[in-house]
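Please read the structure below before turning to the comments.
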Amino acid sequence: MSDDAASVDVPVGGAVMKGRSGLARIWYAAGYSAAGLKAAYRGEAAFRQLVLLNLLLIPLAFLLDVSRVECAVLIAVVFLGLIVELLNSAIEATVDRISFELHPLAKQAKDMGSAAQLLALCLIALVWAVILIP
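The numbering of the sequence shown is the working numbering, which starts it at 599 and goes up by one.
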């Protein structure tokens with residue numbers, strides 16, 4: 599996480615979202631989601647690498663001679679890699695926000711998030727291999 603992102607005090611969406619429903623709630627939620635994507639792209643090298651991987655693999659999925667269902671699965675699994683990286687980064691940011699002190703539980707939380715991302719990357723490779731290798 600970048601230093602500037604860690605030092606900014608941003609109100610959590612609860613106060614703004616409270617009492618809102620319908621389109622206003624969706625509008626605010628979309629704004630928070632966009633802010634999260636922007637923060638991940640700016641502050642997380644691993645997220646940027648996965649975005650690049652997605653920019654390569656998604657068009658490739660459309661160009662391959664596979665069924666529409668297989669194409670959808672190829673695309674879904676690379677999006678899963680992005681989703682897991684966002685969750686991993688959120689775990690790391692939360693742990694760092696609580697304390698930079700070395701603690702076994704903090705290490706465990708970060709290691710588990712990293713393990714989840716490793717499994718997601720293995721799943722991407724496995725799914726692409728199963729679909730593409732005859």
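Cβ coordinates follow ideal geometry from the N, Cα and C atoms, glycine included.
Only buried fits V676, as 16 or more other CB atoms lie within 10 angstroms of its CB. Under a 10 Å Cβ-count criterion, G629 is classified as exposed, with fewer than 16 other Cβ atoms of the shown protein chains found around its own Cβ.
When the Cα atoms are used, M710 and I656 turn out to be separated by approximately 28 Å. DSSP places D709 in the helix class (H, G or I) of the three-state scheme. One alpha carbon belongs to L650, the other to I731, and they sit about 23 Å apart.
Going by DSSP, V675 is part of the alpha helix (DSSP H) stretching over 666–696.
Judged by DSSP secondary structure, G629 falls within the alpha helix (DSSP H) whose first and last residues are 620–641.
The beta carbon of V682 lies closer than 7 Å to those of A714, Q715, A718 in the same chain, with the five residues before and after it left out. Residue environment: L700 is assigned as exposed (fewer than 16 neighbouring CB atoms within 10 Å of its CB, all protein chains considered).
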